[in-house]
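Note that our numbering has the sequence shown beginning at 4, numbered continuously upward. Backbone N, C-alpha and C define an ideal beta-carbon position, used for all residues, glycine too. See below for the structure under consideration.
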Amino acid sequence: MNESLINSKSILIVDDETDLRDILAGEFIHIGAHVFQAGNIMSARNILENNHIDLVLSDIRMPGGTGIDLLNIIRSKNVFSPPVILITGFADITLEDAFDKGAEALVSKPFNLDDLIGVVLKFLTPIEDRLTEVSEGMKKIQPKEVSFGRGGVTVSVRIGDNPVLVGEMISFDFIHDGLSFTGNGICHWIKTRTESGLSVMGIEITYLKSSSMNHFLKLTENRSVVSFIPSSEKLIS
């Protein structure tokens with residue numbers, strides 16, 4: 004874990020549970036972060052408007068507004084920054100919907116603190132340095148349709164006798180608008196189109212070939228792509 008990435012970064016923790024906020028703040032301060040705390044959405048908005056924030060950690064259920072409300076406010080102003088990690092102890096939102104609304108991650112309570120720190124470090128890393136996790140021996144898919152998000156893709160594929168499972172690492176290779184995309188990713192959700200027999204899956208990209216990285220960055224920076232990974236309803240050819 005490269006904790007130097009967090010040094011001097013500004014993190015906003017939003018939660019109405021003071022004890023949890025203090026625990027998280029203490030951990031992040033200990034490894035070098037500058038931490039802001041808010042107990043509600045109004046306070047969080049004030050902090051965001053008056054300070055540079057590198058990453059937001061927000062609970063979902065709070066009085067006076069939810070973490071989803073805060074996410075919508077942030078993404079309406081900037082689709083890229085700051086990264087938003089939602090935390091919940093309830094079934095408030097599906098992972099697919101959280102990604103579609105622009106969250107970078109959805110963490111369930113109770114969580115392992117080291118795992119949470121790992122997620123924070125991941126999204127404090129520039130995307131061109133983050134998508135370097137090359138893996139071998141994975142199942143390979145060749146998508147028929149693709150919709151791009153800022154951190155992943157939603158694809159439709161025809162699954163054979165060796166189906167992809169949620170949580171499984173896969174490799175992909177496809178052409179989109181004449182450009183080649185080759186890389187790896189982790190499958191976060193799968194749905195079946197009964198009328199076509201195709202499976203639709205949301206994939207968080209973990210590695211892109213260098214030429215594909217250039218294509219991906221140009222594709223996403225020239226569009227107002229709010230979704231981290233688009234929902235299945237937004238799949239386009």
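Cβ neighbours of residue i in the same chain (closer than 7 angstroms, five flanking residues each side left out)
i: SER240; result: Bear in mind that the predicted position of SER240 carries a pLDDT of just 43, short of 50, making it unreliable; the figure below should be weighed with that in mind. Counting only Cβ-Cβ distances below 7 angstroms, and skipping sequence neighbours, we find GLU148.
6 angstroms CB neighbourhood of residue i in its chain, flanking five on each side removed
i: PHE102; result: PHE231, ILE232
i: ILE56; result: SER13, LEU15, PRO85
i: SER234; result: GLU99, ASP103
Cβ-based burial, residue i [other Cβ within 10 Å; buried from 16]
i: GLY121; result: exposed
i: PHE175; result: buried
i: ASP132; result: exposed
i: ASN115; result: exposed
i: ILE88; result: buried
i: ILE3; result: Not covered by the structure: residue 3. The range shown for the chain is 4 to 240.
i: VAL17; result: buried
i: LEU168; result: exposed
Residue i, DSSP secondary structure in three states
i: LEU124; result: helix
i: ILE89; result: This sequence places Leu at residue 89; Ile is not what is there. In this structure, LEU89 counts as strand in the three-state DSSP scheme.
i: THR209; result: strand
i: PHE184; result: strand
i: ARG153; result: coil
i: SER274; result: Only positions 4 to 240 of the chain appear in this structure, which leaves residue 274 out of reach.
i: ASN97; result: A quick correction: the sequence has Thr, not Asn, at residue 97. Here THR97 sits in coil by DSSP.
i: THR195; result: strand
i: SER240; result: Residue placement at SER240 is poorly supported in this model, since its pLDDT is 43, which falls under 50; the coordinates are not used for a value here.
i: ALA108; result: strand
i: LEU134; result: coil
i: GLU20; result: coil
i: SER7; result: helix
Residue i - partner residues in DSSP beta bridges
i: ILE178; result: SER183
Element boundaries [beta strand (DSSP E), containing residue i]
i: LYS142; result: 142-144
i: PHE39; result: 37-41
i: GLY61; result: Before going on, a small fix: residue 61 reads as Ser here, not Gly. Unbroken beta strand (DSSP E) run through SER61: 58-62.
Start and end residues, alpha helix (DSSP H) containing residue i
i: SER79; result: 70-80
8 angstroms Cβ cutoff, residue i in contact with chain B
i: LEU51; result: The chain inventory of the structure shown lacks chain B, comprising one protein chain alone.
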